[in-house]
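Protein sequence lines correspond, in order, to chains A and B.
Numbering that gives the first Met the number 0 numbers the first residue of the first sequence as 0 and each following residue consecutively.
Numbering that gives the first Met the number 0 numbers the first residue of the second sequence as 0 and each following residue consecutively.
The block underneath contains the structure these notes are about, expressed in structure tokens.
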Amino acid sequence: MQEVPYGTLDLLILKTLHSMGPMHGYRIARRIEQVAGNLIQLNQGSIHPALIRLENRDWIRTERGISETKRKVKFYSLTKAGRKQLQAEIANWETTTALVARFLES
Amino acid sequence: MKRFLALFRKQRLERELDNEVDGYLELAERDLIAQGMTPEHARLQARRNFGGIEQMKEEHRDHRSYPFLENLLRDFRHGAFALIRKPGFSAVIIAVLALGIGVNTAMFSLIDAVLWKPLPFPQPHRMVRVWEIPGANLRNGTTTLTFLDW
């Protein structure tokens, strides 16, 4: 099992919320693990600080919801600024990988 | 703004945080039971997968408000309570401080007025004191007319 690649957690969270809509923190973590083919492990201990950071930057917001275990919990969803940030991070990621790929080819 | 408000809503935020953690553990447990684990195992495994719960809470606290201000408020509260707990001692301390500051201020005002500020005349260094001593027991016998002559 691998950790999430350094500096990509924000991007993964934003993308997950973008494609799945409002979600609980636990579901976000599970979803990221699932999409990664269970190659990475993501515990709440590491996803929660990231969620708070994103919320402080107004990229995501919280709303009250009911979990599958009938508990009142926070659901996270993307804000308008978050959508913009997601586009920026995707562009950034593509630039970086293209750059590294060019080095590896040469 | 949200972070600032967090300073005053600590108890509620703590409750929310505990609730979030519990909610997460419940969901994790449920998933693990669905995978065929016994409830007890699932419980333990969910906690293990979570990672350090207290560390995560600590990190949460660091991010949700301003730790520096929070510590300052706590120190302030602690100090205030310490004073209230020993009113006699506090009164003495306050009296001593008040006296010290008061005496200092008085002293400084005096020195400032007497020594440091120049005399309120155009050329203070040209001021002189003149008197005459007419007899053994008299200090100053200058009459108005003599004074005017000078």
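Ideal Cβ placement from N, Cα and C applies to all residues, glycine included.
Just so it is clear, the structure is predicted and the values come from calculations on it, not from any experiment.
Residue-level contact to chain A via CB, residue i, 8 angstroms cutoff
i	result
Gly-51(B)	yes
Gln-54(B)	yes
His-40(B)	no
Ala-97(B)	no
Gly-78(B)	no
Arg-29(B)	yes
Glu-13(B)	no
Tyr-156(B)	Residue 156(B) is absent from the structure shown; chain B starts at 0 and stops at 149.
Asn-18(B)	yes
Arg-63(B)	yes
Glu-69(B)	no
Leu-26(B)	yes
Nearest-angstrom Cα separation, counted from residue j out to residue i
i	j	result
Gly-99(B)	Lys-85(B)	21 angstroms
His-17(A)	Ser-76(A)	8 angstroms
Phe-120(B)	Leu-144(B)	25 angstroms
Lys-83(A)	Leu-13(A)	10 angstroms
Gln-54(B)	Met-22(A)	23 angstroms
Glu-93(A)	Leu-38(A)	21 angstroms
Trp-58(A)	Glu-39(B)	38 angstroms
Glu-54(A)	Thr-61(A)	8 angstroms
Ile-31(A)	Leu-8(A)	9 angstroms
Arg-73(B)	His-59(B)	18 angstroms
Asp-148(B)	Thr-142(B)	10 angstroms
Ala-5(B)	Leu-71(B)	14 angstroms
Pro-4(A)	Ile-83(B)	53 angstroms
Arg-29(A)	Thr-37(B)	20 angstroms
Arg-26(A)	Val-34(A)	12 angstroms
Ile-132(B)	Phe-146(B)	13 angstroms
Asn-48(B)	Asn-18(B)	18 angstroms
Arg-138(B)	Ala-90(B)	52 angstroms
Ser-116(A)	Glu-104(A)	In the structure as shown, chain A starts at 0 and stops at 105, and residue 116(A) therefore has no counterpart that could be examined.
Ile-52(B)	Arg-101(A)	42 angstroms
Limits of the unbroken alpha helix (DSSP H) element including residue i
i	result
Leu-43(B)	38–49
Glu-53(B)	52–63
Leu-147(B)	143–148
Counterpart residues of residue i in DSSP-defined beta bridges
i	result
Met-22(A)	Tyr-75(A)
Gln-1(A)	Ile-39(A)
Short CB-CB distance (under 8 angstroms) between residue i and chain B
i	result
Gln-43(A)	yes
Tyr-25(A)	yes
Ser-66(A)	yes
Pro-4(A)	no
Pro-21(A)	no
Arg-30(A)	no
Arg-70(A)	yes
Contact list for residue i against chain C, beta-carbon separation under 8 angstroms
i	result
His-47(A)	Among the protein chains of the structure shown, namely A and B, there is no chain C.
| message | I'd like the ranges of any alpha helix (DSSP H) spanning at least 4 consecutive residues and lying wholly in the stretch 27–90 of chain A. | response | If only complete runs of 4 or more residues are kept, the stretch 27–90 of chain A shows the alpha helix (DSSP H) at 43–55, in order along the chain.
| beta strand (DSSP E) segments (min. 3 residues) lying fully within the stretch 84–109 of chain B | DSSP runs (the beta strand (DSSP E)) wholly in the stretch 84–109 of chain B: none.
| request: Return the chain-ordered ranges of every alpha helix (DSSP H) run that is complete within the stretch 9–34 of chain B and spans a minimum of 4 residues. | output: Every alpha helix (DSSP H) stretch that sits fully inside the stretch 9–34 of chain B and reaches 4 residues is listed by chain position as 9–33.
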